[in-house]
Every structure is written in structure tokens, then in C-alpha cells.
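> I am attaching a structure below and will ask some questions about it afterwards.
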Amino acid sequence: MDDTGALTEPLQSLEALVEAEGLVPADALARARSIRAETGERLATVLARLGLVSDDLLAERIARATGLTIAAPEDYPVSAVGERLSPRFLREHRALPLAQSVDGLVVALADPFDAHLLSSLRWALREPIVLRIARNGDLDAAFERLYGDTAPALGEDAVAEAADLERVRDLTSDAPAIRALNRLIARAVDERASDIHLEPSEDALEVRFRIDGRLSMRESFPPALRGPLVARLKVLAGLNIAERRLPQDGRLRLAVRGHDIDCRVVTSPTMNGEGAVLRLLDRSRLNLAFDSLGFDADATRRLRACLAQPHGILLATGPTGSGKTTTLYTALSELNHPSRKILTVEDPIEYRLPGINQTQVSPAIGLTFAAALRSFLRQDPDVMMVGEVRDLETAQVAVQAALTGHLILSTLHTNSAASAMTRLVEMGVEPFLLRSVLTGVLAQRLVRRLCPQCREPYVLTSPVGRPGSGAPSLQTGERVFRARGCSACDGHGYLGRIAIVELLVVDEPIARMIREDVDSTDIERGAVEAGMTTMYADGLAKARLGVASLEDVLAATREDGA
3 MDDTGALTEP LQSLEALVEA EGLVPADALA RARSIRAETG ERLATVLARL GLVSDDLLAE
63 RIARATGLTI AAPEDYPVSA VGERLSPRFL REHRALPLAQ SVDGLVVALA DPFDAHLLSS
123 LRWALREPIV LRIARNGDLD AAFERLYGDT APALGEDAVA EAADLERVRD LTSDAPAIRA
183 LNRLIARAVD ERASDIHLEP SEDALEVRFR IDGRLSMRES FPPALRGPLV ARLKVLAGLN
243 IAERRLPQDG RLRLAVRGHD IDCRVVTSPT MNGEGAVLRL LDRSRLNLAF DSLGFDADAT
303 RRLRACLAQP HGILLATGPT GSGKTTTLYT ALSELNHPSR KILTVEDPIE YRLPGINQTQ
363 VSPAIGLTFA AALRSFLRQD PDVMMVGEVR DLETAQVAVQ AALTGHLILS TLHTNSAASA
423 MTRLVEMGVE PFLLRSVLTG VLAQRLVRRL CPQCREPYVL TSPVGRPGSG APSLQTGERV
483 FRARGCSACD GHGYLGRIAI VELLVVDEPI ARMIREDVDS TDIERGAVEA GMTTMYADGL
543 AKARLGVASL EDVLAATRED GA
């Protein structure tokens, strides 16, 4: 190999490298070999599809063995390079020209050990080749962007050959629906989607992804795949494929790009057939740290003080999808210690937490939140998490548990921290009990996090605030940021989401207000005077720092919903 990265002689095989490095257990490697023999796919593709090794680790080990450089996502072209190579050839051989350099054509390969492929490239291109290592996920994203799903025009013989190949692949993978679903989930993981929506229409199965809280159309499957795709999903999730009249929900675990992905599956009947939603929970991207979620140092300190109490109730409030459960999981991870017995009852269990005993509710057999909580009390726990306080029975059991020396974490659907007290009293909880057990209420919303690579500053031409409310404001001339879009964020301008929060600590003055049944507006005013930062104020602070856009903050904290 020369200094430019051009390969001068064949190297060892990728299979030998995987075996020598111990990247995959022997039995799993044998399974990958078997699938490769049946389908004709390349070993790198099979390893990625089975999730046996992550893209990053495989590329790093190949680079170390060959001395080649790994192609970064921004190295991939925005338009096709190397017109002599057909998209079909490139897809099948997992290769992609990146750019023309003074040393030759730069080509990214998933498997640079393939001497036959290298000879074919030299013959077809008739110029020097500068090699780079390609991650499988980056290749898939580039193929999708450059060539889409459409195959190039073929002659009759080639069309027949392609059809035969597809039939052989169908036989070895059971059905086209399996390939389609595998590809769909892998694409969703690559694009950081949190949900996949399969929505049947009269003449298609529409697919939408939710990325950073926003839905966008991705692709459309023909009517013939509507039933098989949803049926395949139901089989994987352990659902009844014969029942199409009632909604069902289940879960499954997949390995995608070397990462374990937990999927929650919900199906529902529609007039055009069954639809489904997959919630993708990528455990490798789960960062259970308060600062990563969006808590500043003061909010983290105040929250940890609540968690340090030996007993009491800490509530997280907000609408569905506001990140309440993730915040409570982060709190549990901080409390998790061999000296503590921690039990949870959830609906559903979002993530599996090592060292914590988690229970899924099952109302059909009488296992409700309240019933599980009563049972937990006989197991001598220190900390208990209840997925949601939905009714008076659950609230009363939680209060009694807190009164008897337990720390209870739970969620509640209210618009603000102060209104949680009003909601519990409306449920029927006595105010004098509430003031004795409630230690804190956290309210939060999620906003999109601006991409730090491309966020764009601008200066306000008019003030932003809520006149007469006493709330903080932004003045004319202050600098805030907006989204722009770059290769690092796939042109979206955003990378993930972040919480804007308010934490109401129930101290003696607030407890007195609860006992006297003071309304939520006065409670919030008293909490602000005692040092609470409202969600609105927290959002404006994040807009100043360039963490979130001002538009997203104002939309999330509008006065009729915050």
C-alpha cells in the first residue's frame, strides 16, 4: 500500500480479520457465514444486518489492519461521482466513489480486502484508486440519497436475471416484507428517528419517521405489502396476527448496526387495514445524566436535594412525549446502589435498568399501578417508581407509602409544576396529607437542540416577553440563534432534543399554601419568589446560549399550554 492509500497488493480476508480480532463469537460468525452462503451477501453486510458488530468498531479494526483512513459522513458526495460504475454494481459490492483527487479517484469500500472487487474497479475506471474505509450505515445513507430505491434501466436478460435473484433472496429470507422491514428499521436508526409510523391508505402503505419530535414522510410501499409488513411486525412483537379488529401492543428487541434497539409496537385497525407505530429506543444513545437532558447546575442541585430525602413523593409532570420517564430513569440511575432496593411498575417498561426490579402493569389480570404498589410495600423497598398517578386509588397508595418511609417517584399529566397540587386535590387527596409527603414537582417540555456545527446567530429587532407578567424577557439587540443545516445534522439544523424545566421544591411556605388550598397561580408566584426558574425563563436562557431556537421555546411554553 502506498502513501496515498492506494492498494498495491491483496491483503487478508475480512473474515480472517474478524476471526483474528475476536470481533464476533465463533457460533455467531458461523451463522453469518451460513447466511452469506445462502443469500450471496457480503460478510460486512451480513454482520451489520445481524447486529453482530457495530459499524464504528468494524471500520476502526479494518483501518488499523490496512492503514487506510475511515471516510467521514461529510466526505460522501451530494451528487454521484464516477459515472462508469452503475448504481447496481456499487450497491452490490458496497463501494462508492467519493471525489476526484490529484492521486486518483477516492473510493470508499466496506471490504477493502476483496481483491476481485479491486481488480474490477481498476479495470472499469482505468485510473488510480485511493481507498477509504466505509461504515455500512454511511454507505446506506449515501446510496439512499444519491440513487433512491429505483433500479437502473436494464435489458430484458438483465431484468430476468434480477427477478431470479430477488426470488432466490425471497426464499432464503421468507418474504419481501422481512427485507423491507429490516431496511426500514435500519434506516430509521441511521436517521435518529424515535418512531416509525406505518399508515395504510387506499393505494399504499405510507411510512413516516418522527425525528427530533417532527414527523416527515419517508417512503411508500405498494398495497401488496400492507398486510405482510404489519403481520411480520406482529410476529416479531409476539402479537396475535389473526386479530385485526382490536388494537394490540407489544415489544421486541433487535440488533441494528451493532446496537441493541428496544421497540415498542402498537397496532390499530383503520378503514384501509391495520396500521402500526414502532417506538425505537436505542439504548446506546441513552445518556442518563441530568446535564445531558438539559438541566442546568442549579436545577440539578435542587433536584438531587429532593432525591436525597429518605421518604416523600417526587413528581414529574408534562404532556405525553415530554421526557418525564427519561428524567425519572435518570433519577433512578443516581439512586441505584446495592444498598437500596428499588422497584418500578410501568406501562410500558421503556428501558431495562440493571439492578432495578421492573414490573409491567397488566390490567387484564388485575395488576394495576395501585395493586402493584401495594404488593411492593411487602417487599421492604427503599425506592419505588410508579409509571403514572392516574386515579385516586394510586394516589392514595403512593401517599401512604411515602408516609411509611419510602421514596416515591411518579408522573402526572399537568401543564405546570404548581398545577400538580391542584390536580391531586381534585382527585381527592387531602391537602394536609399532600403537604406532608410532597417533596418536589418537576415540570418539563422537550425542544429541538440546535446543531452546534451550523447554528446561525441573529440579533432581535424587537423585544420578546410577556408584558405585565413579571416574567423574564429578551431585549432588542440581544443575540439568539436559529437552525441552518449542514452535513453533521443531515441538513435539518437540529441534533436531538433537550428539556426545558421548572422544579418546584415544596418547602414550608409552599406546604402552608397547599394546606390552605391556595390556587396554583399563587403557589407558582411563591415558588418563583423562593428561587424557582420557570420553564419559560429556562427556555429563554437556552435560546440565549444557542442551545435551542427562540421559536421552539415560545411554542413549547405558550401561556395556554405551559
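In terms of our numbering, the sequence shown opens at residue 3 and continues consecutively. Backbone N, C-alpha and C define an ideal beta-carbon position, used for all residues, glycine too. These numbers come from a predicted model, not from an experiment.
1. According to DSSP, is Y460 helix, strand or coil?
2. Using three-state DSSP, classify S438 as helix, strand or coil.
3. In whole angstroms, what is the alpha-carbon distance linking L227 and G495?
4. List the DSSP bridge partners of L369.
5. Is the separation between the beta-carbon of R451 and that of A558 shorter than 8 Å?
6. In three-state terms, what does DSSP make of L282?
7. Based on the DSSP secondary-structure assignment, which residues constitute the bridge partners of A257?
8. Under 8 Å, do T269 and V232 count as touching if we go by C-beta distance?
9. How far does the beta strand (DSSP E) with M386 in it reach, from first residue to last?
10. Please report the distance separating the alpha-carbon of D349 from that of L436.
11. Return yes when the Cβ of A445 is within less than 8 Å of the Cβ of G320, no when it is not.
12. Pull up the distance between the alpha-carbon of A136 and that of G53, whole angstroms please.
13. Run the CB neighbour count on L45, radius 10 Å, all protein chains shown included, and call it buried at 16 or more, exposed below.
14. Is the region 409 to 423 close to the region 358 to 370, with three or more CB pairs under 8 Å?
15. Between the region 374 to 394 and the region 284 to 295, do at least 3 Cβ pairs fall closer than 8 Å?
16. For V507, which residues from the same chain have a beta carbon less than 8 Å from its beta carbon, with the 5 sequence-adjacent residues on both sides left out?
17. Please classify T346 as buried or exposed, where buried requires at least 16 neighbouring CB atoms within 10 angstroms.
18. If you check the beta carbons only, do L295 and A550 fall under 8 Å apart?
19. Pull the bridge partners of T346 from the DSSP assignment, please.
20. Starting from F292 and walking both ways along the beta strand (DSSP E), at which residues does that stretch end?
21. Express the C-alpha separation of A301 and G479 in angstroms, rounding to a whole number.
22. So which of S464, G314, S324, S15 has the shortest CA-CA distance to V449?
Taking the definition as stated:
1. Numbered from its first residue, the sequence shown carries residue 460 at position 458. Strand at Y460.
2. By one-based count along the sequence shown, residue 438 stands at place 436. If DSSP states are grouped into helix, strand and coil, S438 belongs with the helices.
3. Within the sequence shown, numbered from 1, the residue matching residue 227 stands at position 225. Within the sequence shown, numbered from 1, the residue matching residue 495 stands at position 493. So the two alpha carbons sit approximately 34 Å from each other.
4. Translated into positions along the sequence shown, residue 369 becomes position 367. Note: L369 sits in a beta bridge opposite S364.
5. Start at 1 with the first residue of the sequence shown, and residue 451 comes out as number 449. Start at 1 with the first residue of the sequence shown, and residue 558 comes out as number 556. Going by C-beta atoms, R451 is not nearer than 8 Å to A558.
6. Working through the sequence shown from its first residue, we reach residue 282 at position 280. Reduced to three states, the DSSP call for L282 is strand.
7. As a first step, residue 257 must be located in the sequence shown, where it is residue number 255. Paired residues: D262.
8. In the sequence shown, residue 269 corresponds to position 267, counting from 1. In the sequence shown, residue 232 corresponds to position 230, counting from 1. Yes, Cβ-Cβ distance for T269 and V232 is below 8 Å.
9. Residue 386 sits at position 384 when you count from the first residue of the sequence shown. Run containing M386: 385 to 388, per the beta strand (DSSP E) assignment.
10. Locating residue 349 in the sequence shown gives position 347, counting from the first residue. Locating residue 436 in the sequence shown gives position 434, counting from the first residue. Rounded to whole angstroms, D349 to L436 spans 25 Å at the Cα level.
11. The residue labelled residue 320 in the question sits at position 318 within the sequence shown. The residue labelled residue 445 in the question sits at position 443 within the sequence shown. A contact, by the Cβ cut-off of 8 Å.
12. As a first step, residue 136 is located in the sequence shown; it is residue number 134 there, counting from the start. As a first step, residue 53 is located in the sequence shown; it is residue number 51 there, counting from the start. Looking at the two C-alpha atoms, the distance is approximately 17 Å.
13. Numbered from its first residue, the sequence shown carries residue 45 at position 43. L45 is buried by the Cβ-count criterion.
14. no
15. no
16. As a first step, residue 507 must be located in the sequence shown, where it is residue number 505. The answer, listed in chain order, is R304, A307, C308, T441, G442, A529, A532, M534.
17. What you label residue 346 is simply residue 344 of the sequence shown in a count that begins at 1. Per the 10 Å Cβ criterion, buried.
18. For the purposes of this step, residue 295 is identified with residue 293 of the sequence shown, where counting begins at 1. For the purposes of this step, residue 550 is identified with residue 548 of the sequence shown, where counting begins at 1. No. Outside cutoff.
19. Numbered from its first residue, the sequence shown carries residue 346 at position 344. Its beta-bridge partners are Q360, M387.
20. Position 290 of the sequence shown, counting from 1, holds the residue named residue 292. Premise fails: F292 lies in the alpha helix (DSSP H), 292 to 295, not in any beta strand (DSSP E).
21. Counted from its first residue, the sequence shown places residue 479 at position 477. Counted from its first residue, the sequence shown places residue 301 at position 299. Cα to Cα, the separation comes out at about 28 Å.
22. Here residue 449 corresponds to residue number 447 of the sequence shown, with the count starting at 1. When each option's Cα is compared against that of V449, the closest is S324.
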